[in-house]
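Written out below as structure tokens is the structure these notes cover.
Protein chains: 2
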Amino acid sequence: MSHADLLADLHTPCLVLDEAIMRANIARMDARMSELGVTLRPHLKTVKSVDAARQVIRNGSAATVSTLREAEVFAASGVEEIFYAVGITPNKLPRILALRATGCDLIVALDSAEQARFVAEASRMAGDRIPALLEIDSDGHRAGLIPASDAVVEIGRILSDGGADLRGVFTHAGGSYEAGSEAALRTYADRERDAVVTAANRLREAGLPCPVVSVGSTPTASFATDLTGVTEARPGVYTLNDLVMAGLGVCGVEDIAISVLATVIGHQRERGWTLVDAGWMAMSRDRGTAAQPLDQGYGVVCDIDGTPIGDLVMIGANQEHGIVAPRPGATTAAPDLPVGTMLRILPNHACATAAQFDGYHVVQADGSGDLAYWPRFRGW
Amino acid sequence: MSHADLLADLHTPCLVLDEAIMRANIARMDARMSELGVTLRPHLKTVKSVDAARQVIRNGSAATVSTLREAEVFAASGVEEIFYAVGITPNKLPRILALRATGCDLIVALDSAEQARFVAEASRMAGDRIPALLEIDSDGHRAGLIPASDAVVEIGRILSDGGADLRGVFTHAGGSYEAGSEAALRTYADRERDAVVTAANRLREAGLPCPVVSVGSTPTASFATDLTGVTEARPGVYTLNDLVMAGLGVCGVEDIAISVLATVIGHQRERGWTLVDAGWMAMSRDRGTAAQPLDQGYGVVCDIDGTPIGDLVMIGANQEHGIVAPRPGATTAAPDLPVGTMLRILPNHACATAAQFDGYHVVQADGSGDLAYWPRFRGW
């Protein structure tokens, strides 16, 4: 059945997922991690859907999350070991302990002595050794300890001696999203590895345990060549891919698994504009490609079958209006798209755009004549 | 009861609404519209909550919406006359007619002959004269007809002769959000008025009806001085206000009714950074103040009582991490905010930030010792 036939009756704007593309993305990353000899602990903040997650983690039972809501939903769906990769706070410990009491091996993140102290204290009080990974800074982008610093050992000891479970170290090279070349991405991947391996060695030399040595991000996982000493990687956006990843060379535009289905609502023909019913409420305000050599506006505009139309992008967005036009400098004119024409728009950032919707309308990989619907969740 | 006591047990990040501020914002706009002699048809895309809408439209039964979901929810809550202000498409007509059949006077928007033809045809087929407002372009910002153009009369006649209900004209000066001065805002307001009054006169001179002459936007409604010939205004963001409105001089920072409650999760002290558990998933990616003289980053950081802390703003955001620091050029150092400290962050754009949450935790205007919870809805 053609995409046009499958999608024609949907209310727009809505989110379409091409399952065959997602499966290929997952298989590619699975194979890559196997080659590099590390475990894949996929970050589920991108898909935020139990149905999608079942495919992402079908070869394992470990995952990464960015909210306690994600931890609770995925634990309930059967994921056995979950790393909550945002710095732990005292007010989140009751939910952490409650979820651990259900049998989920939930692991927390921290990078300070004050956090190590309250995690250790909570472990003693609850009689439950809360596992923790120390965050290591590999690129000055956000959080984390200096890899070779004495603080790594000091904090590791507070946890280990205080009754918590020092599980290891992790880093995330968030700066890799702004890398300008494949060589720069390889450098970010090397820095991630060097940072966590250095920190792991400091812990081990001090007689402390460090079973987990974890790196993360789709760009670094895609370009790493040597992960010696690393035990696991935590990419997430590779499952769906997006224009930022395509701009980095991580994937092609044809590897983007999600798009926003929209309907033409009007024109300003003398300006070459076509207006659609997907604005920033549907696409999100993310303009991640604005900093890349090829600025894709609010998204690349495709026909209903998912094929990009010439140089057409969403050049502007209001809340529920998108302005579609050839990109600046394009040599092809805008095609005439009558009111009512359905289009599909590829997003800058899969995590941000997907979050604007309550679920995926899934074009199934088995060529089924029906769409599936996979609910998403949100909140904290 | 202090805000600190009221809010201390909430899970962060979450959305806090100060009802007293919202009520004052509503009362101010109600009074202003009365003085100018126009009906207020508030845009409910900002609050997206039946509880909040009850206060916004308590003096009337007419509203504006940006999605059919909003129309359906607010109609079910008792709003009798709703203007759906996004260009109509054929695939939306079944829902339009179904909602009208429930007794709601739902009005559609259009700006082309092709739309007028299918709306007229649907009216004849259904035996229901669908009311429509013609969109008029007052600032070249998005959609709409040239005010004095023959097309206004042509399209009005297709509707009126074809069996639809030509209800009038409307415009929205979206460009006013980028105005650089109060004088510029007054000019936008004058242009809105001139555009719709000109178009209304063209219709009337041609013997066509035009009972509704509608302008819209919080900035123009706040600075208009003369709305002669206009019958109604459709502002929305004034209900909650935000940093973009404060930057335009529409309100003060103290008039912003919503904030995101967040918890400190860590530090990079040598950089002066405090990290919080509200990233762009909570704040949205909206950076509306980036184009204003005072760039507020991803938001102004307040203590738990809602008072801004020195020059502290959210200078960066990842999905679930916000980086808080003094704004560039600030002369005051960042205060020490231990892990676990709760903060409130004022948003760039109320519509975008509020949309990231499922409801408002409401500090009630009556000084109640309890928080109320007002659910929001989303989707299309």
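So the protein lines, in turn, are chains A and B.
For the first sequence, the residue numbers in this note's numbering are 688 to 1067.
For the second sequence, the residue numbers in this note's numbering are 688 to 1067.
We put the CB at the ideal spot given by N, CA and C, even for glycine.
Keep in mind it's a predicted model, so treat the numbers as computed, not measured.
Nearest CA to the CA of P700 (chain A): which residue from A:T912, A:R715, A:A830 and A:A965? Residue numbering aside, residue 700 (chain A) sits at position 13 when the first sequence is read from its first letter. It is A:A965.
Identify the contact partners of R921 (chain A) in chain B, using a Cβ-Cβ distance below 8 angstroms as the criterion. The count along the first sequence starts at 1 and reaches residue 921 (chain A) at position 234. What R921 (chain A) touches in chain B: nothing, since even the nearest Cβ is about 13 angstroms away.
Hey, out of A:Q955, A:H730, A:R710 and A:L935, whose CA is closest to G862 (chain A)'s CA? Position 175 of the first sequence, counting from 1, holds the residue named residue 862 (chain A). Considering only alpha carbons, the answer is A:L935.
Please classify R1031 (chain A) as buried or exposed, where buried requires at least 16 other C-beta atoms within 10 Å of its C-beta. Here residue 1031 (chain A) corresponds to residue number 344 of the first sequence, with the count starting at 1. Burial call: buried.
Give every residue of the same chain whose Cβ lies closer than 6 angstroms to the Cβ of G997 (chain B), excluding the five residues on either side of it in the sequence, and list them in chain order. In the second sequence, residue 997 (chain B) corresponds to position 310, counting from 1. These residues qualify, in order along the chain: T1019.
Limits of the unbroken alpha helix (DSSP H) element including C1038 (chain A): Position 351 of the first sequence, counted from the start, is the residue given in the question as residue 1038 (chain A). A1037 to A1041 is the extent of the alpha helix (DSSP H) around C1038 (chain A).
Determine the direct distance from the alpha carbon of E757 (chain B) to that of S1055 (chain B), and round the result to whole angstroms. Position 368 of the second sequence, counted from the first residue, corresponds to residue 1055 (chain B). Position 70 of the second sequence, counted from the first residue, corresponds to residue 757 (chain B). C-alpha separation (whole angstroms): 30 angstroms.
Nearest CA to the CA of D1057 (chain B): which residue from B:F1064, B:H1048 and B:R1065? Locating residue 1057 (chain B) in the second sequence gives position 370, counting from the first residue. If we check each option's Cα against that of D1057 (chain B), B:H1048 comes out closest.
Going by Cα to Cα distance, which pick from A:L999, A:P729, A:I708 and A:L1033 is closest to F770 (chain A)? As a working mapping, residue 770 (chain A) is identified with position 83 in the first sequence. Minimum Cα distance to F770 (chain A) is reached at A:P729.
Is the segment 879 to 895 of chain B touching the segment 691 to 710 of chain B, taking contact as three or more C-beta pairs under 8 angstroms? no
Mapping the DSSP letters down to three states, classify R745 (chain B) as helix, strand or coil. Counting from 1 along the second sequence, the entry for residue 745 (chain B) is found at position 58. Correct three-state label for R745 (chain B): coil.
Short CB-CB distance (under 8 angstroms) between R1063 (chain B) and chain A: Here residue 1063 (chain B) refers to the residue found at position 376 of the second sequence. Cβ-Cβ to chain A under 8 angstroms: no for R1063 (chain B).
Which residue comes first and which comes last in the alpha helix (DSSP H) that contains V681 (chain B)? For residue 681 (chain B) there is no data in the structure shown, the boundaries of chain B being 688 and 1067.
Report the partner residues of Q983 (chain A) according to the DSSP bridge assignment. Stepping through the first sequence from its first residue, residue 983 (chain A) is reached at position 296. Q983 (chain A) is not bridged to any residue.
For T754 (chain B), which residues in chain A fall below 7 angstroms Cβ to Cβ? Counted from its first residue, the second sequence places residue 754 (chain B) at position 67. Near T754 (chain B) (Cβ distances below 7 angstroms), the residues of chain A are E1007.
Would you mind telling me which residues of chain B sit closer than 9 angstroms to L930 (chain A), beta carbon to beta carbon, in chain order? Sequence index remark: in the first sequence, residue 930 (chain A) carries index 243 (1-based). What L930 (chain A) touches in chain B: nothing, since even the nearest Cβ is about 14 angstroms away.
Helix, strand or coil: which one does DSSP assign to F857 (chain A)? One-based indexing of the first sequence puts residue 857 (chain A) at position 170. DSSP places F857 (chain A) in strand when its eight states are reduced to three.
Alpha helix (DSSP H) segment containing S810 (chain B), residue limits: Indexing the second sequence from 1 puts residue 810 (chain B) at position 123. Element bounds for S810 (chain B): A800 to A813.
Using a C-beta cutoff of 8 angstroms, does A838 (chain B) count as contacting chain A? Looking up residue 838 (chain B) in the second sequence gives position 151. Closer than 8 angstroms: no.
Quick one, which of A:R715, A:V725, A:L821 and A:S810 has its alpha-carbon nearest D913 (chain A)'s? The residue given as residue 913 (chain A) occupies position 226 in the first sequence. The shortest C-alpha separation from D913 (chain A) is found at A:V725.
Closer than 8 angstroms, CB to CB, is R646 (chain B) near chain A or not? Look at the range of chain B in this structure, 688 to 1067, and you will see that residue 646 (chain B) is not part of it.
In angstroms with no decimal places, state the Cα-to-Cα distance between A969 (chain B) and Q1043 (chain B). For this step, residue 969 (chain B) is matched to residue 282 along the second sequence. For this step, residue 1043 (chain B) is matched to residue 356 along the second sequence. In a straight line, the C-alpha of A969 (chain B) is about 6 angstroms away from that of Q1043 (chain B).
Members of the segment 985 to 1005 of chain B that neighbour chain A once the beta carbon cut-off is set at 9 angstroms: G1003 and N1005
Name, please, each residue of chain B whose Cβ falls closer than 7 angstroms to the Cβ of M968 (chain A). Mapped onto the first sequence, residue 968 (chain A) falls at position 281. Neighbours of M968 (chain A) on chain B, chain order: A1042.
Using 8 angstroms as the threshold, is the C-beta distance between R1014 (chain B) and G975 (chain B) below it? Residue 1014 (chain B) sits at position 327 when you count from the first residue of the second sequence. Residue 975 (chain B) sits at position 288 when you count from the first residue of the second sequence. Cβ atoms of R1014 (chain B) and G975 (chain B): not closer than 8 angstroms.
Unbroken stretches of the beta strand (DSSP E), 3 residues or longer, contained in the segment 927 to 999 of chain A: 945 to 955, 960 to 963 and 987 to 989
Rounded separation between D815 (chain B) and L784 (chain B) - CA only: Within the second sequence, residue 815 (chain B) is the residue found at index 128, counting from 1. Within the second sequence, residue 784 (chain B) is the residue found at index 97, counting from 1. Using only the alpha carbons, I get a separation of about 8 angstroms.
Output, in sequence order along the chain, the residues in the segment 793 to 820 of chain A whose CB is closer than 7 angstroms to any CB in chain B. D798, S799, E801 and Q802
The segment 917 to 928 of chain A / the segment 744 to 754 of chain B touching (three or more Cβ pairs under 8 angstroms): no
How many Å lie between I775 (chain A) and P922 (chain B) at the Cα? As a working note, residue 775 (chain A) is residue 88 in the first sequence. As a working note, residue 922 (chain B) is residue 235 in the second sequence. The alpha-carbon atoms of I775 (chain A) and P922 (chain B) are separated by roughly 41 angstroms.
Contact check, T885 (chain A) vs A803 (chain A) under 8 angstroms by CB: the rounded distance? The residue given as residue 885 (chain A) occupies position 198 in the first sequence. The residue given as residue 803 (chain A) occupies position 116 in the first sequence. About 19 angstroms; that fails the 8 angstroms criterion.
Just by C-beta distance, which residues in the segment 969 to 984 of chain A are closer than 7 angstroms to chain B? S971, R972 and D973
Assuming P781 (chain A) is part of the alpha helix (DSSP H), what are its boundary residues? If you number the first sequence from 1, residue 781 (chain A) lands on position 94. Its alpha helix (DSSP H) spans residues L780 to A788.
Can you pull the chain A neighbours of I1010 (chain B), defined as C-beta to C-beta under 8 angstroms? As a working note, residue 1010 (chain B) is residue 323 in the second sequence. Neighbours of I1010 (chain B) on chain A, chain order: R829.
Where does the unbroken beta strand (DSSP E) through V770 (chain B) begin, and where does it stop? Taking the second sequence and counting its residues from 1, one reaches residue 770 (chain B) at position 83. It is Phe, not Val, that sits at residue 770 (chain B) in the sequence shown. Per DSSP, F770 (chain B) belongs to the beta strand (DSSP E) from E768 to G774.
In chain order, what residues of the same chain have a beta carbon less than 6 angstroms from the beta carbon of P777 (chain B), not counting five sequence neighbours either side? Counted from its first residue, the second sequence places residue 777 (chain B) at position 90. F805.
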